[in-house]
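Protein chains in written order, with my numbering: chain X, 57 to 311; chain A, 20 to 289.
Note that beta-carbon positions come from the ideal geometry of N, C-alpha and C, so glycine has one too.
Note that this is a predicted model, so its numbers are computed, not measured.
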Amino acid sequence: MSRLLNYLLLGALLLAMVASFRFLQIDFVGLISPDALEQMGDYAAGFLAPDLSRTYLEELGHGALQTLAMSAIGTLLAALAGLLLALPAAGRWGLVAEQAARLLLNALRAIPELVWAALMVLAAGLGPNAGTLALALHTAGVLGRLFAEALENTPAEPAEAVRLAGGGRVAAFVYGTLPGVWPQLLAYSLYRWENNIRMASVLGFVGAGGLGQMLYMSLSLFQHAQAASVILAMLLLVLAVDAFSAWSRQRWLSR
Amino acid sequence: VRDPAALPRLLLTLLALALLWPGLSLSELNLGALFEPGNARTMGQFLGDFWPPAHEADFLALLWRATLETLAIATAGMTLALLLALPAGLLASRALSLSALYRGGRPAWWGALLRWPVRGLLIVLRSVPEIVWALLFVRAVGLGPTAGVLAIAITYAGMLGKVYAEIFESVDGGPARALLGAGASRLAAFCYGVLPNAAGEMLSYSVYRWECAIRASVVMGFVGAGGLGQQMDLSMRMFAGEEVAAMLLVFLVLVLLADQLSRLLRSRLT
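Written out as structure tokens, the structure reads:
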């Protein structure tokens, strides 16, 4: 019986695949006709000679730095906002505040960075400012949830001890709770920063600054040599971040 | 009561701020821009239109079509990615190496040399973000779902190919080695020795990736690759708040349903 159901599910999956192609009516024959292939070849050939002139490399360096700055500032803002929202979301300020904070965190997290970026471009104008805000909003949702879980799982005794010794609520949090969760908060923030570097390099497609905006502009102007260098720069940035995070994980985490 | 560690902490904070200062100017962070009278008014109007979301009959028909298109882009892209990833995974994996049979599981150097170009190709395919592929394909084949399908096919082929190769290597190699040693062809050794053990994990990972592909296909629409994202981009440009609200709602429901379906499929098929 269960086996039959599995075959039915597999059949439904295959049917969904076929139906998708029928629905989209993609012209694969046209796509691989000699004419189209020649056009694609010409298009791809434009990317084979990246622009490596000194002035353009300087521009690329600036774009890469801007991407890094957007991701760093965005993550920092998100960590601050996330911590502020995590306190009510961990149930410290009553049930109503908890539910409201959780709803807000879920909403922030559910909308992808790029959609936030498109909204922020409308709200704050073109440029890296919009990208930074978009990263901050989405990441605040992600980090807020992770922070709230960390706060819930940390032992309450140190904070209680500070309270019993006559400390205020702020002192109890700063000296009782924070030292215990601090490494975890830092690890989560760094992990999201890594993600955000990757994300920041493409947010520019909707006008939010960084390397993405350079790529979008050069493709719009049919400057394929410049576009190729931007793609190379993105690739290098991603590979460098991957290598650095793998190295630092081995160096600092596994002992 | 004084904090004995106050001074070093203060200095550390100052140092961090000094390091972040150039970043602040590079990222042109300006929260005030949100509250400038002009910006705040248009944005307030835009957000004010969010409720009630648009629900005219012809808009709903358009929304339904766009949603189906998003689902179809993700599914068709995943199908192509599967077709590319299986052979690539087989080529990149050490699991079926003949030379490794007699060398304690380590392939000969020329075998490793032949595997590296495939692995390098897979790395490049998945390291360029899918939305960059989408943008490139939009310029090559025009606006519309074809670009989205091709972008998902390429990026996800890179991811699936790598993971498949690793799954082939991680399952028990005994059956495949026995078949190869008895003179079976490599394809037969794969089908009867590796696949039965690997199929569950492969299916589960592919279904999870399909879920990611739905989210990606919405996002890719913003550069013109069809589906819900393209409609959302158009509505945003026209400041049609009620349409954007309806599409965001549909997007959230779609992600939620895909999550549930993928969970159901994974629990049933593995």
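Cβ shell of residue i (< 7 Å), same chain only, five flanking positions each side left out
i, result
"A:Phe78", "Glu262"
"A:Ala119", "Arg113, Arg125 and Pro126"
"A:Glu88", "Pro164, Gly245 and Gly246"
"A:Pro72", "Glu261, Ala264, Ala265 and Leu268"
"A:Ala208", "Leu115, Ala195, Leu198 and Leu199"
"X:Gln306", "none"
"A:Leu144", "Ile173, Thr174, Ala176 and Gly177"
"X:Val177", "Ala186, Val262, Gly263 and Ala264"
"X:Ala173", "Ala186, Gly187, Ala190, Leu259, Val262 and Ala264"
"X:Arg311", "Confidence is the limiting factor: at X:Arg311 the pLDDT is only 47, short of 50, which leaves the residue's position unreliable, though a coordinate-based value still follows. If we look at X:Arg311 and ignore the five residues flanking it on each side, it has no Cβ neighbours."
"A:Val157", "Ala166, Val242, Gly243 and Ala244"
Contact check, residue i vs residue j, beta carbons under 9 Å
i, j, result
"X:Val171", "A:Phe258", "no"
"A:Ser189", "X:Gly265", "no"
"A:Ala85", "A:Met266", "yes"
"X:Ala142", "X:Ala157", "yes"
"X:Thr123", "X:Leu293", "yes"
"X:Phe203", "X:Leu139", "yes"
"A:Val168", "A:Ala235", "no"
"A:Arg285", "A:Leu222", "yes"
"A:Gly219", "A:Pro194", "no"
"A:Leu179", "A:Ser225", "yes"
"A:Asn58", "X:Ala180", "yes"
"X:Ala175", "X:Asn252", "According to the sequence displayed, residue 175 of chain X carries Leu and not Ala. Going by C-beta atoms, X:Leu175 is not nearer than 9 Å to X:Asn252."
"A:Val160", "X:Leu87", "yes"
"X:Thr233", "X:Ala217", "no"
"A:Leu109", "A:Tyr183", "yes"
"X:Pro106", "X:Gln282", "yes"
"X:Leu193", "X:Ile167", "yes"
"A:Gly243", "A:Ala131", "no"
"X:Asn62", "A:Arg228", "no"
"A:Ser281", "A:Glu230", "yes"
"A:Val237", "A:Met251", "yes"
Host alpha helix (DSSP H) of residue i (start-end)
i, result
"X:His118", "Arg110 to Ala145"
"X:Glu169", "Glu169 to Ala180"
"X:Tyr63", "Ser58 to Leu80"
"X:Phe261", "It is not in any alpha helix (DSSP H) - X:Phe261 carries neither H nor E in the DSSP assignment."
"A:Ala119", "Run containing A:Ala119: none; DSSP gives neither H nor E here."
"X:Ala92", "Pro90 to Ala101"
"X:Ala156", "Leu151 to Ala166"
"X:Leu87", "Phe84 to Leu87"
Residues near residue i in its chain [Cβ-Cβ closer than 6 Å; skip 5 each side]
i, result
"X:Phe261", "Gly268 and Tyr272"
"X:Ser301", "Glu250"
"X:Ala228", "Ala215, Val218 and Arg219"
"A:Lys181", "Leu141"
"X:Gln155", "none"
"X:Gly197", "Leu161, Leu164 and Arg165"
Presumed contact (8 Å Cβ cut-off) between residue i and residue j, rounded CB distance
i, j, result
"X:Leu164", "X:Ser285", "The Cβ separation is near 35 Å, so there is no contact."
"X:Ala206", "X:Val230", "With a Cβ gap of about 16 Å, X:Ala206 and X:Val230 do not count as contacting."
"X:Val258", "A:Val151", "6 Å"
"A:Ala166", "A:Val137", "With 8 Å as the limit, A:Ala166 and A:Val137 do not qualify as a contact, their Cβ atoms being about 25 Å apart."
"A:Pro56", "X:Arg254", "Wrong, their Cβ atoms sit about 36 Å apart, outside the cutoff."
"X:Ser76", "A:Ala100", "That pair is no contact at about 13 Å."
"X:Ala120", "X:Trp249", "With 8 Å as the limit, X:Ala120 and X:Trp249 do not qualify as a contact, their Cβ atoms being about 15 Å apart."
"A:Met97", "A:Ala232", "5 Å"
"A:Ala104", "A:Arg134", "So it is not a contact: roughly 15 Å between Cβ atoms."
"X:His280", "X:Gly102", "3 Å"
"X:Ala145", "X:Gly200", "6 Å"
"A:Ala93", "A:Ile186", "Actually they do not touch by this definition, with Cβ atoms about 22 Å apart."
Neighbourhood of residue i by C-beta, 8 Å cutoff - its chain only, sequence neighbours within 5 removed
i, result
"A:Asn216", "Val190, Asp191 and Pro194"
"A:His74", "Ala265"
"X:Leu71", "none"
"X:Pro184", "Gln122, Ala125, Met126, Ala264, Gly265 and Gly266"
"X:Tyr99", "His280"
Interface residues of chain B facing residue i [CB-CB closer than 8 Å]
i, result
"A:Pro164", "Here the protein chains are X and A, and chain B is not one of them."
(message) Quick check on the DSSP output: what are the complete alpha helix (DSSP H) runs of length 4 or more inside the region 190-251 of chain X, in order along the chain?
(response) The region 190-251 of chain X contains these whole alpha helix (DSSP H) runs: 213-220 and 225-228.
(request) Give, in chain order, every unbroken run of the alpha helix (DSSP H) that is at least 4 residues long and sits entirely within the region 133-214 of chain A. (result) Counting only runs of 4 or more residues that sit fully inside the region 133-214 of chain A, the alpha helix (DSSP H) segments are 149-160, 164-189, 193-200 and 205-208, in chain order.
(request) Within the region 271-308 of chain X, note down every full alpha helix (DSSP H) run reaching 4 residues or more, in order along the chain. (result) Within the region 271-308 of chain X, the complete alpha helix (DSSP H) runs of at least 4 residues are 280-304.
(request) Scan the region 34-99 of chain A and note each continuous alpha helix (DSSP H) run of 4 residues or more that stays entirely inside, going in chain order. (result) You should have 56-67.
(request) Just list the alpha helix (DSSP H) runs in the region 221-274 of chain A, keeping only unbroken ones of 4 residues or longer that don't cross its boundaries, in chain order. (result) Taking 4 residues as the minimum length, the alpha helix (DSSP H) runs contained wholly in the region 221-274 of chain A are 246-256, in order along the chain.
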